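J.: Residue numbers (the working numbering), protein chains in the order written: chain A, 504 to 892; chain B, 56 to 155. All residues carry an ideal CB built from backbone N, CA and C; glycine is no exception. Since the model is a prediction, treat every value here as computed from it, not as a measurement.
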Amino acid sequence: MPQDYSGVALVCPVTIPYEKRSDRSAAWWIGRALKALIDAAGITKSDIDGFAATSFTLHPDTSVGLIEHYCLSPRVLEWIPTGGASGVMAIRRAARAIQAGDADIVACVAGDTNNADSFKGILENFSRFSTQAVLPYGGLGPNGVFAMIMRQYMEAFGATREDIGRLAVMQRANGATNPLALLKGSITLDDYIEARPIAEPVHLLDCVMPCAGADGLLVMSTDRAKSLGLPWARIDGIIERHNAFPGSAQILQTGHKIDAANLWEQANAGPGDMDFLQTYDDYPVISMMQMEALGFCAEGEAKTFVAETDMTLTGALPHNTSGGQLAMGQAGAAGGYVGLVDAVRQLTHQPLGPQIDGVRKGCVMGYGMVNYDRGLCTSAAVLSAGERP
Amino acid sequence: MSLCLQVCQNCGAQQYPRRDICHNCLSTELHDDWVAPEGTLLSWTRGHFSVLPEFKDKTPLILARVKLREGAVVLALSNKEVSVGEDVSVDVQDALLTLT
């Protein structure tokens, strides 16, 4: 079992309110998140000696370009180009840097802009395999590949659009309480079923809306958090797996499956101990696959689990507590931080909407990088409430 | 019907999408060879929107995921209705893998 994450604090979850379109750059969005982190912590820019960034629209720059842009001089620098899996990966690297004494305060940020040029750039240059073997095949974008995963899942496990739609309905109900959600209000199962087809079986309300925005948080020692008077969340366990099933045609199990037992052993807990669950929700069927992979239910049983479990904020297992990307919008790679920052908000009692009663522990999952026919990068963390000054 | 894919001359592994080195044994001895075009249809979608100008007036279009008999998984367009689990054959049409 890996070394634990004791002494590490996750603080200051921030979201720069998303906008549907933006003429600003990714550096502008990420820089605003950095400023929000400094203000929230009551520190100065020079206190930040670790920096981890994620973006899809920063090209040709990486985190290297950003530190010059912002005049930072970190002694730990990370570039985490893994989209939906990036948030958990960032806090893992940051936590290890804190524990080793390699850095004192690590800013973990993700952000992207969204306009016609940036959207075209992501589609055309997402990956070499995508440019070569996906894009020319009708130009369906990510919807096409996810649609094929969704159909394969539905056929394998006898799941219907109604089964999957129930998850979207509960999540949008959570999103209706989030003042930052770009897609306002809740939806009904009829709305979901009657939505127009995009790439069947994917319909409009399976899809996230591309937008601009940024999210971030700080990682520091619990001692530092205490001296700054900041409430914090702890890390109880983290796993990652990349290209989990190389050479296999199977795409219905996410990489979390391989390391699930390791995660629960680290956390000394099980799925039933979680007070909330944040999955990577692009698209709802992918959330269901993640629930199965970590053992919240058996493989193929998510349809029953979702039907029988109230996943709204007052339910037995609140899921995607901010409404996730289905409600917030997808600010590019910042989508890989949405569940993480909202988990820290809930655990530190700084929610965007209602506070979940009695919240002690929660699970955050990441899934990203569909280069060809599946998401290659997966990550998950169990977090718990630390002290609140 | 004929289908040509990258085949490793060292270990015989077939691969798709194209790579610079064998995904199995990391040999650089890769050649394009004829492979069996038959496979099983794993999944499909009917796409209603394309970002490519050349497909704008060709939607809705059918895209399929196929596991070839010899192992590679390919995405291919289809000129006909398809269903999961059926036997299919992959051809090349207008430089794109296509089920005809």
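(1) Counting contacts by CB-CB distance shorter than 8 Å, is Gly67/B in contact with chain A?
(2) Between Leu683/A and Thr518/A, how many whole angstroms is the CB-CB distance? I'm expecting something under 8 Å.
(3) Using the beta-carbon of each residue, which ones in chain B are nearer than 7 Å to Ile701/A?
(4) Mind listing which residues of the region 69-101 of chain B have their C-beta closer than 8 Å to chain A's C-betas, in chain order?
(5) Assign Ala613/A to one of three DSSP states: helix, strand, or coil.
(6) Is there at least one Cβ from chain A nearer than 8 Å to Arg120/B's Cβ?
(7) Do the region 810-823 of chain A and the region 609-621 of chain A touch if we need at least three Cβ pairs shorter than 8 Å?
(8) What residue does the beta strand (DSSP E) around Leu85/B start on, and which one ends it?
(9) What in chain B is Cβ-close to Phe554/A, meaning under 9 Å?
(10) Would Met651/A count as contacting chain B if we go by Cβ distances under 8 Å?
(11) Please state whether the Cβ-Cβ distance between Ala543/A and Cys515/A is less than 8 Å.
(12) For Tyr870/A, list the residues DSSP reports as bridge partners.
(13) Taking only the alpha-carbon atoms, compute the straight-line gap between Asp693/A and Gly773/A and give it to the nearest angstrom.
(14) Specify, as a first and last residue, the run of the alpha helix (DSSP H) that Leu107/B falls within.
(15) Enumerate, from N- to C-terminal direction, the unbroken beta strand (DSSP E) stretches of 3 or more residues contained entirely within the region 824-862 of chain A.
(16) Would you say Gln756/A faces chain B, with C-beta separation under 8 Å as the test?
(17) Around the Cβ of Ala830/A, are there at least 16 other Cβ atoms within 10 angstroms (buried) or fewer (exposed)?
(18) For Asp813/A, which three-state DSSP category applies?
(19) Give the C-beta separation of Leu850/A and Ala736/A to the nearest angstrom, bearing in mind that I take them to be a contact with Cβ-Cβ under 8 Å.
(20) For a test of your reading of the model: does the CB of Asn771/A fall under 7 Å from any non-hydrogen atom of the ligand SAM? Yes or no.
(21) From Ile761/A, Val847/A, Ala747/A, Thr824/A, pick the residue whose C-alpha is nearest to that of Gly678/A; which is it?
(22) Can you look up Ser24/B in the DSSP assignment and give me helix, strand or coil?
(23) Can you name the residues of chain A whose CB is closer than 8 Å to the CB of Leu107/B?
(24) In the DSSP output, what is Lys156/B paired with across the bridge?
(25) Compile a chain-ordered list of the residues in the region 724-754 of chain A whose CB is closer than 8 Å to at least one CB of chain B.
T.: Reading from the atomic positions:
(1) The count along the second sequence starts at 1 and reaches residue 67/B at position 12. Chain A contact via Cβ: absent.
(2) Your numbering for residue 683/A matches position 180 in the first sequence. Your numbering for residue 518/A matches position 15 in the first sequence. That belief holds up - the Cβ atoms of Leu683/A and Thr518/A are roughly 6 Å apart, short of 8 Å.
(3) Counting from 1 along the first sequence, the entry for residue 701/A is found at position 198. Neighbours of Ile701/A on chain B, chain order: His103, Phe104.
(4) Tyr71, Pro72, Arg73, His78, Asn79, Leu97, Ser98, Trp99, Thr100, Arg101
(5) Counted from its first residue, the first sequence places residue 613/A at position 110. It is a strand residue.
(6) As a first step, residue 120/B is located in the second sequence; it is residue number 65 there, counting from the start. Yes - at least one Cβ of chain A is within 8 Å of the one on Arg120/B.
(7) no
(8) Walking along the second sequence from the start, residue 85/B turns up at place 30. Where Leu85/B is concerned, the enclosing beta strand (DSSP E) stretches over 85-90.
(9) Against the first sequence, residue 554/A aligns to sequence position 51. Per Cβ cutoff of 9 Å: no residues; Phe554/A is ~33 Å from chain B at best.
(10) Within the first sequence, residue 651/A is the residue found at index 148, counting from 1. Yes, Met651/A counts as interfacial toward chain B.
(11) One-based indexing of the first sequence puts residue 543/A at position 40. One-based indexing of the first sequence puts residue 515/A at position 12. It is a contact, given that the beta carbons lie within the stated cut-off.
(12) Here residue 870/A refers to the residue found at position 367 of the first sequence. Paired residue(s): Thr881/A.
(13) Residue 693/A sits at position 190 when you count from the first residue of the first sequence. Residue 773/A sits at position 270 when you count from the first residue of the first sequence. Taking the straight line from one Cα to the other gives about 34 Å.
(14) Position 52 of the second sequence holds residue 107/B. Segment: none, Leu107/B is in no alpha helix (DSSP H) and carries neither H nor E.
(15) none
(16) Along the first sequence, read from residue 1 onward, the residue named residue 756/A stands at position 253. Taking Cβ atoms only, chain B never reaches closer than 8 Å to Gln756/A, which makes this a no.
(17) Locating residue 830/A in the first sequence gives position 327, where the first residue counts as 1. With 16 or more Cβ atoms within 10 Å of its Cβ, Ala830/A is classed as buried.
(18) One-based indexing of the first sequence puts residue 813/A at position 310. Here Asp813/A sits in coil by DSSP.
(19) One-based indexing of the first sequence puts residue 850/A at position 347. One-based indexing of the first sequence puts residue 736/A at position 233. At roughly 4 Å, the Cβ-Cβ gap stays under 8 Å, so Leu850/A and Ala736/A are in contact.
(20) Of ligands this structure carries none, so the ligand SAM is not represented either.
(21) In the first sequence, counting from the first residue as 1, residue 678/A sits at position 175. For the residues Ile761/A, Val847/A, Ala747/A, Thr824/A, the minimum Cα distance to Gly678/A belongs to Thr824/A.
(22) Because chain B is modelled from 56 through 155, residue 24/B falls outside the range shown and cannot be assessed.
(23) Here the question's residue 107/B lines up with position 52 in the second sequence. Leu638, Pro639, Gly641, Gly642, listed in chain order.
(24) The structure shown does not extend to residue 156/B, since chain B spans only 56 to 155, so no value can be given for it.
(25) Pro749, Gly750, Ala752
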